[in-house]
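Asks: Below is a structure I'd like to ask you about.
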Amino acid sequence: MEFSASIKDELTNLFNYNYFYERVRSEIERSNRYSKPYSIVRFDIDNFKEVNNKFGFEFGNVVLKQIAEISKNTSRGSDIIARQEAENFLAMLPEVDLDDAFVFAERLRRAIEENENFGDEKNQVKLTVSMGIVTYIRKEGMEINQLMQILDTAVYQAKQNGRNCIVPYTSFMPQEDYI
Numbered sequence: 087m088e089f090s091a092s093i094k095d096e097l098t099n100l101f102n103y104n105y106f107y108e109r110v111r112s113e114i115e116r117s118n119r120y121s122k123p124y125s126i127v128r129f130d131i132d133n134f135k136e137v138n139n140k141f142g143f144e145f146g147n148v149v150l151k152q153i154a155e156i157s158k159n160t161s162r163g164s165d166i167i168a169r170q171e172a173e174n175f176l177a178m179l180p181e182v183d184l185d186d187a188f189v190f191a192e193r194l195r196r197a198i199e200e201n202e203n204f205g206d207e208k209n210q211v212k213l214t215v216s217m218g219i220v221t222y223i224r225k226e227g228m229e230i231n232q233l234m235q236i237l238d239t240a241v242y243q244a245k246q247n248g249r250n251c252i253v254p255y256t257s258f259m260p261q262e263d264y265i
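Straight run, no breaks: the sequence shown in this note's numbering ends on number 265.
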């Protein structure tokens, strides 16, 4: 029980960021050894601060749990879904290239966008997410911190593009390194 608690986010029961970080580190080694791709998707709830300000933190916590549940239901058993912090979530998709990561991200984005019942019995809100994707394969020396910075940039770009969209980050590296 204590081990499970040490790898789980207390609120959402998703994996926590520390566990996610270690799993990505292992996946980098595996990808380098076997030339297998993997993708990371980061998704941030759009305008979540306003939801908390309007309805309160308890309501916001209900929403976070609901987003976590949709995320789990949209993913495969081998995927690692984690809460990074506040309204930021991550999904590591082992052996998934950019095209398939985009399919996953779009399925998740649409499931969140189409849900009109986020909230509690008194108040409901519609939500959207801004998403970034990076796919990694065969790039010796790439560190997890670099991948997280790439995802930050991709999500920032999604927000700049009007929110509720997906930005795959591929332009910074040669095509043979990032699919």
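Heads up, the beta-carbon is just placed ideally off N, CA and C, and yes, glycines get one too. Computed from a prediction, not measured in an experiment: that's the story for all the values here.
(1) Whose C-alpha, out of LEU233, ALA240 and TYR120, is nearest the C-alpha of MET82?
(2) Does the Cβ of PHE258 have 16 or more other Cβ atoms within 10 Å, making it buried, or fewer, making it exposed?
(3) Which residue comes first and which comes last in the alpha helix (DSSP H) that contains SER121?
(4) Which residues does DSSP list as the beta-bridge partners of GLU171?
(5) Am I right that ASP206 and PHE145 are in contact with their C-beta atoms under 8 angstroms? What's the rounded C-beta distance?
(6) What residue from ALA154, GLN235 and PHE141 has the CA that sits closest to ASN209's CA?
(7) Between which two residues does the alpha helix (DSSP H) holding THR239 run?
(8) Output the distance between the C-alpha atoms of THR160 and LYS212, rounded to the nearest integer angstrom.
(9) In whole angstroms, give me the CA-to-CA distance for TYR105 and ILE223.
Replies: With the given structure in hand:
(1) Given that the chain is displayed from residue 87 to residue 265, the structure contains no residue 82 and the question cannot be resolved.
(2) Counted from its first residue, the sequence shown places residue 258 at position 172. Annotation note: pLDDT 44 at PHE258 (below 50); position unreliable, no value reported.
(3) As a working note, residue 121 is residue 35 in the sequence shown. Here SER121 belongs to no alpha helix (DSSP H), and DSSP marks it neither H nor E.
(4) Counting from 1 along the sequence shown, the entry for residue 171 is found at position 85. Residue pairing for GLU171: DSSP places it in a beta bridge opposite ASN174.
(5) As a first step, residue 206 is located in the sequence shown; it is residue number 120 there, counting from the start. As a first step, residue 145 is located in the sequence shown; it is residue number 59 there, counting from the start. Taking the Cβ atoms as the reference, ASP206 lies roughly 6 angstroms from PHE145, within the contact range of under 8 angstroms.
(6) What you label residue 209 is simply residue 123 of the sequence shown in a count that begins at 1. Selection ALA154, GLN235 and PHE141 evaluated against ASN209 yields PHE141 as nearest (Cα-Cα).
(7) The sequence position of residue 239 within the sequence shown is 153, counting from 1. 230-246 is the extent of the alpha helix (DSSP H) around THR239.
(8) Here residue 160 refers to the residue found at position 74 of the sequence shown. Here residue 212 refers to the residue found at position 126 of the sequence shown. If you draw a straight line from the Cα of THR160 to the Cα of LYS212, it comes to about 18 angstroms.
(9) Numbered from its first residue, the sequence shown carries residue 105 at position 19. Numbered from its first residue, the sequence shown carries residue 223 at position 137. Cα-Cα distance, rounded: 21 angstroms.
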